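For the sequence shown, position 64 (counting from the first letter as 1) is numbered 63 according to numbering that gives the first Met the number 0, and the numbering increases by one without interruption. Where a beta carbon is used, it is the ideal one built from N, C-alpha and C, also for glycine. Note that this is a predicted model, so its numbers are computed, not measured.
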Amino acid sequence: MSTDDHAPASPASPRNDGIGQHLRRERLERGFTLEKLAEKTGLSRSYLSNVERDVNSPTINTLRTIVNALGTTLSQLFHAVDRERRVLTRPDQRVELTRAGVEGVTYTLLNPKHGGKLEMMMLEVVPGASSGDNPHTHSGEEVGLLLSGELEYWVDGVHYRLQPGDCVSFDSSVPHRYSNPGDVPAVCVWSETPPGF
Numbered sequence: 000m001s002t003d004d005h006a007p008a009s010p011a012s013p014r015n016d017g018i019g020q021h022l023r024r025e026r027l028e029r030g031f032t033l034e035k036l037a038e039k040t041g042l043s044r045s046y047l048s049n050v051e052r053d054v055n056s057p058t059i060n061t062l063r064t065i066v067n068a069l070g071t072t073l074s075q076l077f078h079a080v081d082r083e084r085r086v087l088t089r090p091d092q093r094v095e096l097t098r099a100g101v102e103g104v105t106y107t108l109l110n111p112k113h114g115g116k117l118e119m120m121m122l123e124v125v126p127g128a129s130s131g132d133n134p135h136t137h138s139g140e141e142v143g144l145l146l147s148g149e150l151e152y153w154v155d156g157v158h159y160r161l162q163p164g165d166c167v168s169f170d171s172s173v174p175h176r177y178s179n180p181g182d183v184p185a186v187c188v189w190s191e192t193p194p195g196f
C-alpha cells in the first residue's frame with residue numbers, strides 16, 4: 000500500500016471535546032437520573048440530555064454547575080477527556096483520505112494523531128478500482144485483513160486472490176499493488192509501520 004500523495008476526503012467530525020459522554024458516565028456512576036440532575040442543577044432535563052449527547056455545548060459556568068452537582072470538578076472532567084482522547088478513537092473522530100490520481104480508493108485512519116509507531120486504517124476499494132498499474136514500494140511492513148468483497152493483490156510479482164477472512168503480510172519494500180475485480184466494494188482493515196500519514 001502506498002501512502003504517497005494523500006489528501007483529506009472528509010475531515011474528522013469533532014464531538015464537542017467528548018464532554019457529554021463523560022458527564023453521562025459520571026451521572027450514571029452516582030445513580031442519578033436526568034430528572035434528579037435537573038433538580039440539583041436547575042437546568043432542564045432536555046437540556047442536560049442534549050449536553051450528554053454532545054448536541055449542546057455548555058458554557059463554562061453551566062458546566063461548572065453540572066460537575067458540582069455530580070460531586071466532581073472541571074479539572075477532573077477535562078483530565079478524563081484528555082486521557083480518553085489519547086487512547087480511544089470513536090467512529091466520528093476518524094479521518095478519511097484519498098490518494099491523488101487514484102479513483103475509488105478511500106483510506107480511513109482508525110487511530111489518527113496517536114503519535115505511535117503503528118498505523119491502523121480501513122481501506123475501501125470500489126469495484127474496478129486499483130492502486131494503479133505499477134507496483135509501488137516504501138519502507139516498513141504491512142498487514143491487511145479482507146473483511147468483505149474480494150481483492151487481487153500482487154506482492155513481488157506473485158498474484159493472490161483474497162476472499163473475506165484472508166490476510167496478507169509483507170515487507171513494504173517489496174513491490175506490491177492491488178485491485179478489486181468484484182462487483183461490490185472490497186473493505187479491509189490495514190496496519191502498517193511506520194505510519195505513512
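Between N179 and V124, the C-beta gap is smaller than 8 Å, which places the two residues in contact. In the same chain as E151, and ignoring 5 residues on each side of it, the C-beta atoms closer than 6 Å to its own belong to R160, S178, P180, in chain order.
The alpha carbon of G139 has as its nearest neighbour, out of L96, H175, V186, the alpha carbon of H175.
Check the Cα spacing between G19 and each of P57, Q162, S168: the tightest is with P57. Between L69 and E25 a beta carbon distance of about 5 Å is seen, short of the 8 Å cut, so the two are scored as contacting. Taking the Cα positions, T88 is about 6 Å away from N110. For V86, the enclosing alpha helix (DSSP H) stretches over residues 73–86. When secondary structure is reduced to three states using DSSP, G19 falls in the helix class. In this structure, DSSP gives L47 a helical state, which the three-state scheme calls helix. Judged by DSSP secondary structure, R98 falls within the beta strand (DSSP E) whose first and last residues are 94–98. With a cutoff of 8 Å on beta-carbon distance, R44 and L33 are scored as near each other. When only Cα atoms are considered, P184 and E149 end up about 8 Å apart.
Of all alpha-carbon atoms in G41, L47, E38, L42, the one lying nearest the alpha-carbon of R23 is that of L47. For V66, the enclosing alpha helix (DSSP H) begins and ends at 59–69.
A residue is called buried when at least 16 other Cβ atoms come within 10 angstroms of its Cβ; S172 does not meet this threshold and is exposed.
In the displayed model, L161 falls within a strand according to three-state DSSP. Proximity to I65 across E83, H21, W189 peaks at H21, based on C-alpha coordinates. Under the three-state reduction of DSSP output, L36 falls in the helix class. Looking at M119, P126, G156, R82, the one whose alpha-carbon comes closest to that of T136 is G156.
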